[in-house]
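2 protein chains.
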Amino acid sequence: MAHEEHKEIVQEIKANMPNADTLFELADFFKVFGDSTRIRIMCALFERELSVCCIADIVGMEQSTVSHQLRILRQENLVKVRRDGKQSYYSLEDEHIQKIFEMGLEHILE
Amino acid sequence: MAHEEHKEIVQEIKANMPNADTLFELADFFKVFGDSTRIRIMCALFERELSVCCIADIVGMEQSTVSHQLRILRQENLVKVRRDGKQSYYSLEDEHIQKIFEMGLEHILE
DNA sequence: TGAACACATGAACAAATATTCATATGTTCA
DNA sequence: TGAACATATGAATATTTGTTCATGTGTTCA
């Protein structure tokens with residue numbers, strides 16, 4: 105490849121790329137899906153809202169581990185909480201999540 | 105919540121969850137999207153196939169860094185390579201990627 | 001053939017991350 | 001109020017991960 109042609113291509117692609125900050129945010133967003141504990145938590149929440157101790161039972165991990173991970177999910181607006189007495193009930197924030205999930209499944213099941 | 109009711113819920117959800125192995129694979133798949141360098145590489149490849157050195161120029165990182173990341177993308181079947189003389193041209197493997205990308209963008213731009 | 005180039009890869013290091021333990025916060029109910 | 005329970009959080013640790021440097025592999029062309 106000629107050097108000049110190379111430069112042109114690089115310039116053109118750079119110009120069409122989304123804002124760098126946006127791409128960093130996007131990576132942070134997908135990072136949340138990149139852990140099996142969080143994936144399992146989200147998967148459990150597809151069915152219904154659940155308390156923290158239920159989730160801990162389902163994924164077979166410590167309550168504190170689950171609390172930490174739920175905080176991460178909250179920070180990225182993937183889940184919301186509802187307090188009811190002593191318990192906190194978590195549920196999914198929106199339906200993008202399930203779609204992203206399904207697309208991932210489609211890919212790996214090919 | 106009564107203890108017995110808790111158990112029932114846990115059992116039911118567990119029964120409906122996908123295979124644990126599948127969820128681990130899914131997490132590994134999304135892990136690939138969870139790094140800004142890889143996101144930027146994929147984003148560049150939306151436009152057209154590119155050589156390694158072009159990609160390195162576009163994302164502003166070392167050639168070896170890009171090669172390492174491309175290997176990870178290859179391992180998860182997200183990109184494919186074509187050799188042409190001294191250069192390797194990378195391109196996206198399928199169109200799931202762009203859809204997943206767009207859904208992520210929709211989420212963070214809300 | 002051998003020099004020059006493009007790319008791939010192993011080792012080393014630094015930074016980020018997940019988990020656990022211990023403990024703090026907040027709620028209920030006797 | 002205080003004991004019991006559910007959840008949240010800080011600190012410590014082990015592991016994973018991304019980047020770089022140095023070098024290996026494969027290709028072209030003089």
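Sequence order for the protein chains is A and B.
Just so we're aligned: the first sequence equals residues 105 to 214 in our numbering.
Just so we're aligned: the second sequence equals residues 105 to 214 in our numbering.
The beta-carbon is built from N, C-alpha and C at its ideal position, and this holds for glycine as well.
Residue contact with chain A for aspartate 125 (chain B): absent (no Cβ-Cβ distance below 8 Å to any residue of chain A).
Following the DSSP letters along the chain, one finds leucine 182 (chain B) in no beta strand (DSSP E), marked with neither H nor E. Burial check for phenylalanine 128 (chain A): the Cβ neighbour count within 10 Å stays below 16, so the residue is exposed. At a cut-off of 8 Å between beta-carbon atoms, lysine 184 (chain B) makes no contact with chain A. In the DSSP annotation of this structure, the continuous segment of the alpha helix (DSSP H) that includes leucine 127 (chain B) starts and ends at 124–137. Contact of glutamate 210 (chain B) with chain A by beta-carbon distance below 8 Å involves His200. A direct Cα-to-Cα measurement between isoleucine 145 (chain A) and lysine 203 (chain B) gives close to 23 Å. The three-state reading of DSSP puts leucine 213 (chain B) in coil, since its state is none of H, G, I, E or B. Contact annotation for histidine 110 (chain B) against chain A: Ser155, Cys157, Cys158, Asp161 [CB-CB distance below 9 Å, chain order].
Tyrosine 194 (chain A) is a Cβ neighbour of leucine 149 (chain A), given a cutoff of 8 Å. Within chain A, the residues whose beta carbon sits less than 7 Å from that of alanine 148 (chain B) are Ile117, Met121, listed in sequence order. The residue among B:Lys111, B:Glu166, B:Met165, B:Glu197 with its C-alpha nearest the C-alpha of glutamate 180 (chain B) is B:Glu197.
The Cβ atoms of phenylalanine 133 (chain A) and glycine 208 (chain B) sit closer than 8 Å to each other.
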